[in-house]
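With numbering that gives the first Met the number 0 applied, the sequence shown covers 0 to 221.
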Amino acid sequence: MKEVFRTESAIQYIDENSIIEDGDNISVIRVTKLSDGRTISQQAVLDRRTRKSYLLNSNRYDKNGKLESRGIAIYECPILPDEPLEKMWNMVLEKLGYHPILGSKKHIWKLIWKGRPELGEALDYYILTDATFKAVRPANAPAYIVYVRCKWKDPNKKGRFIPSIYTVDRNMKLVEKGTELGSLGMVYFKILYLEKITWPNVQPGTLEEAIYNATISMWGNK
0 MKEVFRTESA
10 IQYIDENSII
20 EDGDNISVIR
30 VTKLSDGRTI
40 SQQAVLDRRT
50 RKSYLLNSNR
60 YDKNGKLESR
70 GIAIYECPIL
80 PDEPLEKMWN
90 MVLEKLGYHP
100 ILGSKKHIWK
110 LIWKGRPELG
120 EALDYYILTD
130 ATFKAVRPAN
140 APAYIVYVRC
150 KWKDPNKKGR
160 FIPSIYTVDR
170 NMKLVEKGTE
180 LGSLGMVYFK
190 ILYLEKITWP
200 NVQPGTLEEA
210 IYNATISMWG
220 NK
């Protein structure tokens, strides 16, 4: 067992002996030990082509190791930069001799939007410059996935912000965006794009325009 990360309420490990590689798919058993003595064992699967991670089941055990419940649902979990899931898969890929899942372990964030205190904006926004990927949706326009995070303008103010995933297309639209933090550091992707809905174009002088401009700049002529 190799530790991935720990919080006050839980410690998460991977079982390195459970790693299985099947073509572009890699699986590993992830074990979370809770502070109350209970344990959660989950099978995690990575699709290296799409850079998507899935949980195939979730078994819960009491403090004596007795099975309490068995889950068989499939959950899709986005891999976000500087988050525990990225660290876990980087550990697995390193064990197999592969490069980090998002290209590098240490990421570079660029300031793209400075909050305006006079308008009540207390956050600055940064975009990840070393990881952009082609998106599957929408099919009718070239689109790339980028990562954006924010932090308080006041350096003395504490707070943890989960990076958001944005899908940006050349029609000046943000097609998908958002993340949601769940329990045990799990991050769920909230999809806002729907086939029958046309999202408005990016408006001038907004955070969304800054994200669009930074994304196009990183695309180059692709």
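Note that CB positions come from ideal geometry on N, CA and C, so glycine has one too. No experiment lies behind these values; they were computed from the predicted model shown.
For residue i and residue j, I'd like the C-alpha separation in whole angstroms.
i	j	result
E7	S57	21 angstroms
D153	A130	28 angstroms
D23	D46	6 angstroms
W218	R59	44 angstroms
T49	I215	21 angstroms
D35	K62	7 angstroms
G70	Q202	44 angstroms
K32	R115	43 angstroms
E132	K105	The question names Glu, but residue 132 in the sequence shown is Phe. When rounded, the distance between both Cα atoms is 17 angstroms.
I144	V30	30 angstroms
G102	A72	30 angstroms
E117	C76	37 angstroms
L183	L66	In this predicted model, L183 has a pLDDT of only 39, less than 50, meaning its place in the structure is not dependable enough to derive any value.
L92	G119	43 angstroms
N200	G96	43 angstroms
I100	Y146	14 angstroms
G204	G64	56 angstroms
K156	Y125	17 angstroms
Closest to residue i by C-alpha separation, out of the options, would be which residue?
i	options	result
A43	L54, D21, L92 and P116	L54
W108	D123, P116 and G70	D123
T166	C76, A142, K1 and N155	A142
Y74	K104, Q41, S103 and L92	Q41
W112	E67, W151 and K105	W151
R37	S68, A121, Y146 and V145	S68
A121	S103, I100 and G158	G158
Verify whether the separation of the beta carbon atoms of residue i and residue j is less than 8 angstroms.
i	j	result
S52	I28	no
P80	L110	no
P83	F160	no
K94	I18	yes
M87	I13	yes
K1	E15	yes
Under the rule that 16 or more other beta-carbon atoms within 10 Å means buried, what is residue i, buried or exposed?
i	result
H98	exposed
Y163	Reading off the sequence shown, one finds Ser at residue 163, where the question assumed Tyr. Looking at its Cβ environment, which holds 16 or more other Cβ atoms inside 10 Å, S163 is buried.
A213	buried
R148	buried
I25	buried
N89	buried
E85	buried
Subject >> Three or more C-beta pairs below 8 angstroms linking the region 158-177 and the region 201-220 >> reply: The answer is yes - the region 201-220 touches the region 158-177, with three or more Cβ pairs under 8 angstroms.
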